[in-house]
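Only one structure is covered here, and it is reproduced in the block below.
Numbering (the working numbering), first residue to last: 2 to 172.
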């Protein structure tokens with residue numbers, strides 16, 4: 002099951018701990034989300050606590066959709082479809098490389114604020130920007146895939162990802 006905006010959280014038998022957007026978890030507050038085009042469907046994500054992986058899905062994952070996975074940057078695996086379009090971004094050691102925590106509480110934990118997942122899609126430039134927190138400044142770090150950038154804060158923490166040449170999937 003994917004996190005799609007329901008106001009609950011759950012844990013699956015496989016150890017998947019999912020935090021779904023809600024006021025209680027500080028994830029869906031409109032003032033915390035950047036404006037984005039409604040032409041791009043809401044991005045979904047899962048946090049796999051047992052493996053410390055944050056997976057961000059750019060579209061619904063169906064059987065046979067993912068045909069290749071590339072290690073595009075240390076700690077970032079990207080799943081691609083048969084047309085070499087990214088369909089999922091998988092961040093290894095997510096609790097170490099991001100400045101946020103993935104617990105089901107609104108308060109800071111060990112000096113880290115909760116995940117505040119947001120997205121912004123620019124249909125003119127076809128750039129999708131994904132944010133994990135409300136950090137004021139970030140710099141883009143290139144990956145070996147020219148269309149995917151890691152956004153880092155001054156301390157080197159991953160505060161987001163940027164995907165270029167993204168076209169919303171046809172519904």
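Using N, Cα and C, we set each Cβ at its ideal position, and we do this for glycine too. Remember, it's a predicted structure, so these values are computed and weren't measured experimentally.
If you count every other CB in all the chains shown that lies within 10 Å of the CB of residue 60, and 16 or more means buried, which is it?
On the chain shown, residue 60 is found 59 positions in, with the first residue counted as 1. Taking every protein chain shown into account, the CB of residue 60 has 16 or more other CB atoms within 10 angstroms, so this residue is buried.
Cutoff 7 Å; reference residue 113; Cβ partners in own chain excluding five residues on either side
Residue mapping note: residue 113 aligns to position 112 of the chain shown, counting from 1. For residue 113, where only same-chain residues beyond five positions count, the Cβ hits under 7 Å are 100, 101, 102.
For residue 166, which residues of its own chain have a beta-carbon under 6 Å away from its beta-carbon, when the five flanking residues on both sides are left out?
On the chain shown, position 165 is the one that residue 166 refers to. Result list for residue 166: 127, 148, in chain order.
Note the first and the last residue of the continuous beta strand (DSSP E) segment covering residue 88.
Here residue 88 refers to the residue found at position 87 of the chain shown. Per DSSP, residue 88 belongs to the beta strand (DSSP E) from 87 to 93.
Where does the unbroken beta strand (DSSP E) through residue 122 begin, and where does it stop?
On the chain shown, position 121 is the one that residue 122 refers to. Where residue 122 is concerned, the enclosing beta strand (DSSP E) stretches over 119 to 123.
How many angstroms separate the CA atom of residue 88 from the CA atom of residue 109?
In the chain shown, counting from the first residue as 1, residue 88 sits at position 87. In the chain shown, counting from the first residue as 1, residue 109 sits at position 108. For residue 88 and residue 109, the distance between alpha carbons rounds to 31 Å.
Nearest candidate by alpha-carbon position, reference residue 54, set 69, 150, 129, 79:
Numbered from its first residue, the chain shown carries residue 54 at position 53. From the listed residues 69, 150, 129, 79, the smallest Cα separation to residue 54 is found for 79.
Can you give the beta carbon distance from residue 98 to residue 146, rounded, assuming they're within the 8 Å contact cut?
As a working note, residue 98 is residue 97 in the chain shown. As a working note, residue 146 is residue 145 in the chain shown. With 8 Å as the limit, residue 98 and residue 146 do not qualify as a contact, their Cβ atoms being about 18 Å apart.
Quick check on the DSSP output: what are the complete beta strand (DSSP E) runs of length 3 or more inside the region 94 to 161, in order along the chain?
With a minimum length of 3 residues, the continuous beta strand (DSSP E) runs that stay inside the region 94 to 161 are 119 to 123, 128 to 132, 140 to 143, 149 to 153.
With a Cβ-Cβ cutoff of 7 Å, do residue 139 and residue 154 count as a contact?
In the chain shown, counting from the first residue as 1, residue 139 sits at position 138. In the chain shown, counting from the first residue as 1, residue 154 sits at position 153. Contact: yes.
Does the beta-carbon of residue 106 have 16 or more other beta-carbons within 10 angstroms, so that it is buried, or is it exposed?
Numbered from its first residue, the chain shown carries residue 106 at position 105. Around the beta carbon of residue 106, a 10 Å sphere encloses fewer than 16 other beta carbons of the protein chains shown; the residue is thus reported as exposed.
Going by DSSP, what residue range makes up the beta strand (DSSP E) through residue 70?
Taking the chain shown and counting its residues from 1, the one referred to as residue 70 is at position 69. 69 to 74 is the extent of the beta strand (DSSP E) around residue 70.
Using a Cβ-Cβ distance cut-off of 7 Å, determine whether residue 53 contacts chain B.
No chain B is part of this structure, which consists of one protein chain only.
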